[in-house]
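Protein chains in written order, with this note's numbering: chain A, 24 to 222; chain Y, 24 to 222.
Every residue, glycine too, gets a C-beta built ideally from N, C-alpha and C.
Remember, it's a predicted structure, so these values are computed and weren't measured experimentally.
Number of protein chains: 2
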Amino acid sequence: MKVAKEEIVVAARELFRERGYAGASMQDLADRVGLRKASLYMRFPNKEALVPEVLDLTLRETLSRPDMDDRPWNVAYEALVRAIAADLSDRKRCVGLHLAYGVGDDTPVAKEAVRAFFQSLRDRLGGILARAMPRERAETVASDALIRLEGATLLTAVFDDTEAMERVVRTVVFDAAEAARRAMRRASDGKPSKSRPTA
Amino acid sequence: MKVAKEEIVVAARELFRERGYAGASMQDLADRVGLRKASLYMRFPNKEALVPEVLDLTLRETLSRPDMDDRPWNVAYEALVRAIAADLSDRKRCVGLHLAYGVGDDTPVAKEAVRAFFQSLRDRLGGILARAMPRERAETVASDALIRLEGATLLTAVFDDTEAMERVVRTVVFDAAEAARRAMRRASDGKPSKSRPTA
DNA sequence: TTTACAACCGACCGATCGGTAGTATTTTGG
DNA sequence: CCAAAATACTACCGATCGGTCGGTTGTAAA
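Set out below in structure tokens:
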């Protein structure tokens with residue numbers, strides 16, 4: 024009869040994604056995993072404690088696939104971007120974004136977990152990009168990628184526009200390649216280029 | 024003693040922006056406008072009815088400033104983009120996005136209002152762009168702009184990263200100009216360019 | 001000054017919220 | 001096979017949810 028902890032976390036993730044933090048109730052969660060509400064409090068001290076678990080699991084799933092550290096940076100980057108995008112497209116929404124908007128100062132643990140989640144995502148993207156461009160540039164390019172991936176979920180959620188996410192993936196990958204090209208050029212000769220504004 | 028309807032709508036907007044649809048309570052709203060909960064139901068039949076009012080007001084505020092229809096397209100476009108971005112930066116979050124994520128099939132009126140809200144925003148952006156490029160291209164460029172503007176609110180909400188929004192404004196305006204340039208070039212000679220992927 | 005009406009309010013409704021206490025049931029180790 | 005420990009249960013708590021009802025108050029026309 025024992026229900027695995029991860030099973031509860033997965034169900035909680037769906038619930039948070041669909042209804043947000045405030046909109047998701049422990050009763051709903053209990054119903055989804057086939058337990059009584061009280062039983063949930065054996066594994067989790069309270070509702071807020073679900074948030075770090077949900078985001079940790081998501082981060083693990085997103086980042087822990089084949090390392091790709093030996094592959095060229097652009098291959099690794101595109102793979103990661105596509106992995107994130109595929110998940111967002113499948114589920115139509117982003118748990119992290121929904122929680123980012125939904126948790127406030129009254130739930131500090133959850134808030135910090137959200138911050139850490141997106142920090143990790145951005146760091147991972149930036150870390151790959153840093154192989155091909157200066158650190159600072161890598162971070163802004165990574166931020167921009169995150170912005171567009173998350174922003175695209177708005178169109179999938181509101182308009183069911185799945186093409187938007189595909190377009191974002193292509194342009195994000197393209198922009199990274201172009202930033203790398205510019206960084207290389209600048210490294211060889213001292214002439215800075217003026218094409219796209221980046222800062 | 025009469026409290027203006029718009030005053031309530033403005034307060035409701037703040038509440039929805041901060042806490043989302045599910046997280047905002049009629050009691051909180053009543054407290055903010057200095058009324059009792061029961062009095063709110065004189066102007067609004069129920070909580071859901073607040074959503075269209077909130078979004079309509081926001082749309083009016085965003086779109087009804089100086090027409091700019093006589094100005095060059097790029098001036099009008101940049102003005103609108105900056106207006107949207109300024110509002111998002113000020114308030115740190117987007118009501119529309121929070122509601123887009125927060126309303127479900129159980130609140131169909133609210134859901135439709137959200138759809139209409141973003142449709143209007145996208146149409147307005149696309150309408151300006153259509154002066155300088157083919158309709159279809161204008162729509163994807165407008166969608167991309169919306170994606171980035173909304174996505175940037177994630178970074179402002181989570182990291183207090185205000186630079187991200189500025190960066191988005193610059194690149195969005197730049198990309199529109201480049202798309203217009205490409206459209207003009209293609210109109211003069213039949214050679215398509217291969218630079219940025221757009222579809 | 002009376003009348004009439006809109007605005008407002010206190011009190012209440014059933015339902016649900018997150019969370020707890022105590023008990024029954026299942027699993028597990030010896 | 002039996003006891004201890006883990007797990008899940010029933011029943012309940014006070015608070016709050018969206019929403020309603022009938023009465024009170026303020027205001028402005030007659």
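Anyone know if the C-beta pair for residue i and residue j falls short of 8 Å?
i	j	result
Gly119 of chain Y	Glu41 of chain A	no
Thr176 of chain A	Arg94 of chain A	no
Ala78 of chain Y	Val33 of chain Y	First, the residue type needs correcting, since residue 78 of chain Y is Leu and not Ala in the sequence shown. For Leu78 of chain Y and Val33 of chain Y, no; Cβs fall outside 8 Å.
Arg66 of chain Y	Lys25 of chain Y	no
Leu196 of chain Y	Arg171 of chain Y	For the sequence presented, residue 196 of chain Y should be read as Val rather than Leu. The answer is no: Cβ separation not under 8 Å.
Phe39 of chain A	Leu169 of chain A	no
Asp110 of chain A	Thr130 of chain A	no
Leu152 of chain Y	Ala199 of chain Y	yes
Gly249 of chain A	Gly125 of chain Y	With chain A covering only 24 through 222, there is no way to say anything about residue 249 of chain A.
Only counting the same chain, and skipping five residues up and downstream in sequence, which positions put a Cβ closer than 8 Å to that of residue i?
i	result
Val132 of chain Y	Glu71, Ala72, Val74, Pro75
Ala35 of chain A	Ala47, Leu52, Leu73, Glu76, Val77
Met57 of chain A	The sequence as given places Gly at residue 57 of chain A; Met does not occur at that position. Taken in chain order, the residues that qualify are Val26.
Gln50 of chain A	Lys60
Arg55 of chain Y	Ala34, Glu37, Leu38
Phe141 of chain A	Gly119, Ala123, Leu169
Trp96 of chain Y	Ile151, Leu152, Arg154, Ala155, Ala203
Glu159 of chain Y	none
Pro68 of chain Y	none
Going by alpha carbons, who is nearest to residue i out of the options?
i	options	result
Thr81 of chain A	A:Ala180, A:Ala200, A:Thr163, A:Glu30	A:Glu30
Glu186 of chain Y	A:Ala206, A:Glu173, A:Thr163	A:Thr163
Arg88 of chain A	A:Arg55, A:Lys60, A:Arg147	A:Arg147
Arg193 of chain A	A:Ala139, A:Arg83, A:Tyr100	A:Tyr100
Pro157 of chain Y	Y:Gly43, Y:Tyr44, Y:Ala203	Y:Ala203
Arg154 of chain Y	Y:Arg55, Y:Ser62, Y:Gly43, Y:Asp92	Y:Asp92
Arg105 of chain Y	Y:Phe141, Y:Arg190, Y:Gly43	Y:Arg190
Thr179 of chain A	A:Ala139, A:Glu201, A:Ala108	A:Ala108
Val181 of chain Y	A:Val181, A:Arg209, A:Ser143, A:Glu201	A:Ser143
Ala139 of chain A	A:Pro68, A:Glu159, A:Arg83	A:Arg83
Looking at the secondary structure, which residues open and close the alpha helix (DSSP H) in which residue i lies?
i	result
Asn97 of chain Y	96 to 114
Ala123 of chain Y	118 to 125
Thr130 of chain A	Counting along the chain, Thr130 of chain A falls outside any alpha helix (DSSP H), and DSSP gives it neither H nor E.
Thr85 of chain A	73 to 86
Ser62 of chain Y	60 to 66
Thr163 of chain Y	158 to 182
Asp51 of chain A	49 to 56
Lys28 of chain A	28 to 46
Classify residue i as buried or exposed, calling it buried when 16 or more other Cβ atoms lie within 10 Å of its own Cβ.
i	result
Met207 of chain Y	exposed
Lys134 of chain Y	buried
Tyr64 of chain Y	exposed
Arg145 of chain Y	buried
Val98 of chain A	exposed
Ala90 of chain A	The sequence given here has Asp at residue 90 of chain A, not Ala. Label assigned to Asp90 of chain A: exposed.
Ala222 of chain Y	Because Ala222 of chain Y carries a pLDDT of 45, less than 50, the predicted location of this residue cannot be relied on, and no value is offered for it.
Asp183 of chain A	exposed
Asp167 of chain A	buried
Which same chain residues end up closer than 7 Å to residue i when comparing Cβ atoms and leaving out the 5 residues on each side of it in sequence?
i	result
Gly149 of chain Y	Ala161, Glu162, Ala165
Ser112 of chain A	Thr179, Thr185, Met188
Ala45 of chain A	Gly125
Arg114 of chain A	Arg40
Note down, in chain order, each residue of its chain lying with its Cβ closer than 6 Å to the Cβ of residue i, except the 5 sequence neighbours on either side.
i	result
Gly43 of chain A	His121, Gly125
Ser62 of chain Y	none
Glu201 of chain A	none
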